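Novice: The structure is given below, and queries will be raised subsequently.
In this note's numbering, the protein residues as written are 3 to 482.
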C-alpha cells in the first residue's frame with residue numbers, strides 16, 4: 003500500500019493555518035476543516051485526527067514466483083490524537099461554506115500498546131527494535147521517541163522494496179442516519195511532515211574521537227641520516243632484496259583519531275588527526291631516536307551509508323538493504339598539491355596532523371560536503387548524507403572508512419580501517435512551548451534557514467528542498 007495521498011474536495015478539505023511552520027514531537031498542528039458543498043444534516047460529528055505509522059514492503063522474485071512481505075506499525079491508536087470540532091446539526095446552502103478550527107498535539111513517543119497490537123510473539127523479535135527476552139516468557143516491542151517523516155525505496159535484481167514513516171491529518175464529517183435517511187461519512191486526508199526532535203543548540207563540540215592504531219615496519223638504508231637521496235650500492239640493494247637484518251628498520255604505529263559522531267550543519271570542521279608513533283625498542287640502533295619524515299601520498303576518508311528494511315515471514319525474517327559511499331575527505335599530491343608533500347614526522351612528542359582542519363571538511367544542514375576554505379561543495383551535485391535513523395522496520399546506519407598511503411625512507415606503506423559512525427541532524431535553537439508553538443531562541447541564522455526545509459506542509463517542504471537543491475547545483479556548476 004503506497005503512502006497516504008492528499009484527498010481534498012468541496013465536500014471536505016483540510017487547510018493548515020501556516021503550512022510553512024515546522025512540526026516536531028510535542029508541537030501543535032493548527033488548521034481548519036472546510037465544507038464548501040451544501041449539506042443538510044440534523045445530526046453530524048466533525049472530527050480531525052492525526053495518524054502516524056511506519057511501513058515496509060519487500061517483493062522477492064526468484065525467477066519462478068514472487069513473494070511479498072510486509073510490516074506495519076501504527077504509532078498510536080487511530081483516535082488517540084483527535085479533536086471533535088462540531089457535534090450537532092449542519093445546514094448550508096449552495097453559496098455557503100463552513101469552517102471549523104482544529105488543533106492536534108503531536109505525541110513525543112510511540113505508543114507501546116499500539117505497536118504491539120496484533121503482533122505474534124515471534125514477530126515481536128523480527129524487527130530492528132526488538133522485544134527484550136523476559137523470564138516469564140512475555141515479550142513486548144518497546145516504544146521509542148517519535149521518529150520523523152522518512153521514505154526510501156530501491157529496486158534490485160531479485161528484490162524490490164520500500165520503507166517509509168508517514169503522518170497525515172484525517173478529517174471526517176459523520177452524518178448520523180435516521181429512519182428516513184441513511185447515514186454517511188465524508189473524509190479528507192492531508193499528508194504532513196513531522197521532523198525528528200533535533201539536537202539542542204549549540205552544535206556538538208565533542209565528536210567522540212576514537213583511536214585506531216596501525217602497526218608498521220619499513221626497512222631501508224635511506225632511513226639513515228644523510229642517506230635520504232644517496233645512490234645505493236649493489237651490496238645494499240642485494241641486502242634489501244633478500245631482507246637482510248643488516249638493513250636498518252623502523253618500527254612504528256600510525257595512529258588515526260576519527261570521530262564516532264558528526265553532525266549536519268556543524269560550523270566546526272570534522273576532526274581527523276594523524277600521528278606517527280615510533281617504537282624505538284624494536285627499531286635498528288643506527289636510527290634509534292632519529293625522527294623520520296613520512297610523506298603522505300594519499301588519505302581517503304569515506305562515509306558508507308546503509309539503508310535497511312525488515313519484514314516478518316512465515317518461517318524466517320526477510321530483509322533488504324542498499325549501501326553507497328561518499329568521499330568525506332581526500333588528500334593526495336594530485337588533489338591537494340603541497341610543496342614537498344604533506345608530511346608527518348615519526349618521532350617523540352610530535353604534534354598530530356589535523357587533516358580535517360587542513361582540508362576544511364564540513365557537512366551542511368542538508369548533508370552535503372563543503373570545503374570550508376572555499377565555501378564550495380566538495381560532494382557531487384545531488385549527493386548528500388542522511389542522518390542516522392532507526393525505527394521498527396527500517397534504519398539508516400553509517401560506517402566511517404579510511405585508507406592511508408605514505409612513503410618513508412623511500413618505501414611505500416599503507417593501512418586502512420573502519421568504524422561505526424553516528425550522524426546527527428543539525429542543531430536548532432528552538433523549543434516547543436506549553437502551547438505547542440515552535441519558538442526559536444537566540445541568534446541562530448542556521449536554524450532560521452533550515453526551518454523552511456522542515457515545513458509541516460508536504461508540498462511546501464518538497465518544493466523548498468527542490469528549489470534549494472537546484473539553485474545550489476547551478477551555483478556549483480557555474481563555479482560560484
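Where a beta carbon is used, it is the ideal one built from N, C-alpha and C, also for glycine. Computed from a prediction, not measured in an experiment: that's the story for all the values here.
Determine the burial state of residue 86: buried for a count of at least 16 other Cβ atoms within 10 Å of its Cβ, exposed for fewer.
Specialist: Result: exposed.
Novice: Please report the straight-line C-alpha distance between residue 175 and residue 48, rounded to a whole angstrom.
Specialist: Going by the C-alpha atoms only, they are around 5 Å apart.
Novice: If you count every other CB in all the chains shown that lies within 10 Å of the CB of residue 75, and 16 or more means buried, which is it?
Specialist: That one is buried.
Novice: Look at the alpha carbon of residue 382 and the alpha carbon of residue 109, and state the distance between them as a whole number of angstroms.
Specialist: Near 38 Å, if we compare the C-alpha coordinates of residue 109 and residue 382.
Novice: How big is the Cα-Cα spacing for residue 167 and residue 375?
Specialist: Using only the alpha carbons, I get a separation of about 37 Å.
Novice: Is the stretch 263-273 touching the stretch 351-366, taking contact as three or more C-beta pairs under 8 Å?
Specialist: The answer is yes - the stretch 351-366 touches the stretch 263-273, with three or more Cβ pairs under 8 Å.
Novice: Nearest to residue 366 by alpha carbon, out of 66, 385, 233, 296?
Specialist: Comparing Cα-Cα distances from residue 366 to each of 66, 385, 233, 296, the minimum goes to 385.
Novice: Look at the alpha carbon of residue 412 and the alpha carbon of residue 405, and state the distance between them as a whole number of angstroms.
Specialist: One C-alpha to the other measures close to 19 Å.
Novice: Give the DSSP bridge partners of residue 189, in chain order.
Specialist: Looking at the DSSP assignment, residue 189 forms a beta bridge with 174.
Novice: Which partner residues does residue 164 have in the DSSP bridge list?
Specialist: Answer is 59, 155.
Novice: Which partner residues of residue 320 appear in the DSSP bridge assignment?
Specialist: Paired residue(s): 313.
Novice: Compare the C-alpha of residue 115 against each of 106, 105, 126 and name the closest.
Specialist: Comparing Cα positions, the closest option is 126.
Novice: Which of the three DSSP states, helix, strand or coil, is assigned to residue 118?
Specialist: Note: residue 118 maps to helix in three-state DSSP.
Novice: Indicate whether residue 420 and residue 403 have their beta-carbon atoms separated by less than 8 Å.
Specialist: Yes. Within cutoff.
Novice: Are the stretch 147-155 and the stretch 192-211 touching, with three or more C-beta to C-beta distances below 8 Å?
Specialist: Flag = yes, the stretch 147-155 and the stretch 192-211 touch.
Novice: Kindly indicate which three-state DSSP category residue 326 falls into: helix, strand or coil?
Specialist: Of the three classes helix, strand and coil, the one that applies to residue 326 here is strand, per DSSP.
Novice: Nearest to residue 44 by CA position, among 101, 103, 92, 128, is which residue?
Specialist: The residue with the shortest Cα to Cα distance from residue 44 is 92.
Novice: Can you tell me whether residue 377 is buried or exposed, with buried defined as 16 or more other CB within 10 angstroms of its CB?
Specialist: By the neighbour-count rule (16 or more Cβ atoms within 10 Å), residue 377 is not buried but exposed.
Novice: Near residue 290, which residues of its chain fall below 8 Å by C-beta distance, leaving aside the five closest residues on each side in sequence?
Specialist: These residues qualify, in order along the chain: 282.
Novice: Can you grab the Cα-Cα spacing for the pair residue 95 / residue 5, in whole Å?
Specialist: Rounded to the nearest angstrom, the two C-alpha atoms are 35 Å apart.
Novice: Measure the CB-CB distance between residue 83 and residue 52 and report whether it falls below 8 Å.
Specialist: Yes, these two residues count as a Cβ contact at 8 Å.
Novice: Where does the unbroken alpha helix (DSSP H) through residue 360 begin, and where does it stop?
Specialist: Segment 357-361, the alpha helix (DSSP H) holding residue 360.
Novice: Identify, in the order they occur along the chain, each residue of the same chain with its Cβ nearer than 6 Å to the Cβ of residue 89, setting aside the five sequence neighbours on each side.
Specialist: Same-chain partners within the cutoff: 47.
Novice: Quick check: residue 458 and residue 73, are their CB atoms within less than 8 Å of each other?
Specialist: No, the Cβ-Cβ distance between residue 458 and residue 73 is not below 8 Å.
Novice: By how many angstroms is the C-alpha of residue 398 removed from the C-alpha of residue 308?
Specialist: One C-alpha to the other measures close to 6 Å.
Novice: Out of curiosity, what's the CA-to-CA distance linking residue 275 and residue 301?
Specialist: So the two alpha carbons sit approximately 11 Å from each other.
Novice: Here's the rule I'm using: 16 or more other beta-carbon atoms within 10 Å means buried, otherwise exposed. How should residue 277 be labelled?
Specialist: The residue is buried, with at least 16 neighbouring Cβ atoms inside 10 Å.
Novice: Can you give me the C-alpha to C-alpha distance between residue 483 and residue 256, rounded to a whole angstrom?
Specialist: No answer is possible for residue 483: the residues shown for the chain start at 3 and end at 482.
Novice: Which value, in whole angstroms, describes the spacing of the CA atoms of residue 204 and residue 112?
Specialist: Each residue's Cα considered, the two are about 27 Å apart.
Novice: Is the CB-CB distance between residue 1 and residue 190 below 8 Å?
Specialist: For residue 1 there is no data in the structure shown, the boundaries of the chain being 3 and 482.
Novice: Exposed or buried, residue 248, counting other C-beta atoms within 10 Å across all chains shown (16 or more means buried)?
Specialist: With fewer than 16 Cβ atoms within 10 Å of its Cβ, residue 248 is classed as exposed.
Novice: Within the same chain, show all residues whose beta-carbon is closer than 6 Å to that of residue 13, passing over the 5 residues directly before and after it, in chain order.
Specialist: Closer than 6 Å at Cβ, skipping near neighbours: 39, 188.
Novice: Buried or exposed: which applies to residue 447, given that a residue is buried once 16 or more other Cβ atoms fall within 10 Å of its Cβ?
Specialist: Residue placement at residue 447 cannot be trusted, given a pLDDT of 48 that sits under 50; the coordinates are not used to answer.
Novice: Can you tell me whether residue 183 is buried or exposed, with buried defined as 16 or more other CB within 10 angstroms of its CB?
Specialist: Residue 183 should be labelled exposed.
Novice: Look at residue 253 and residue 285 and say whether their C-beta atoms are less than 8 Å apart.
Specialist: Yes.
Novice: Roughly how many whole angstroms lie between the Cα atoms of residue 42 and residue 36?
Specialist: Approximately 15 Å, taken between the alpha carbons.
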